[in-house]
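Each residue of the sequence shown is one higher than the one before, counting from 4 in my numbering.
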Amino acid sequence: MEEPNIKYILKLSGNDESVRLKLINVLKYELPLEIEAYYATINQNQLQQAVFHVHKIKHKMAILGLENSYSSAEIYENQLSENRVELQSKFENTLTLMLNFVNSL
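This is the structure:
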């Protein structure tokens with residue numbers, strides 16, 4: 004399994020420590036809220052609403068260097084649009100991985 008990293012954040016921030024910290028703080032604030040919203044829609048079987056949350060979360064995957072997970076999230080997003088959940092477990096495992104990583108920053 005691929006591992007999250009902050010290479011993209013470092014690239015975006017250049018040598019500016021304050022920009023790096025702002026980007027990390029945005030991740031730390033937004034990611035848990037987006038994950039919570041995703042689970043709320045899934046638990047209520049509101050798959051069309053879950054599509055919106057998966058779309059937002061997959062961009063955080065890209066920021067954390069999870070290219071393969073981003074691709075899988077795109078497929079999962081399309082599945083949800085068709086009321087299918089085949090990649091749910093894989094997506095949710097990635098959420099746990101991301102959240103643990105972001106919390107460790």
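All residues carry an ideal CB built from backbone N, CA and C; glycine is no exception.
Keep in mind the model is a prediction, meaning the values are calculated, not measured.
- For residue 35, the three-state secondary structure derived from DSSP is helix.
- If you draw a straight line from the Cα of residue 46 to the Cα of residue 21, it is about 38 Å long.
- With at least 16 other beta carbons inside 10 angstroms of its own, residue 67 counts as buried.
- When only Cα atoms are considered, residue 40 and residue 25 end up about 23 Å apart.
- Distances from the CA of residue 105 to each of 17, 64, 95 and 52 were compared; the closest alpha carbon is that of 64.
- The DSSP-derived three-state label of residue 47 is coil.
- Residue range 91-107 is occupied by the alpha helix (DSSP H) that includes residue 105.
- Distance from the CA atom of residue 53 to the CA atom of residue 7, rounded to whole angstroms, is 23 Å.
- Rounded to whole angstroms, the Cβ separation of residue 80 and residue 61 is 7 Å, and the two are in contact under 8 Å.
- Secondary structure at residue 66: helix, using DSSP grouped into helix, strand and coil.
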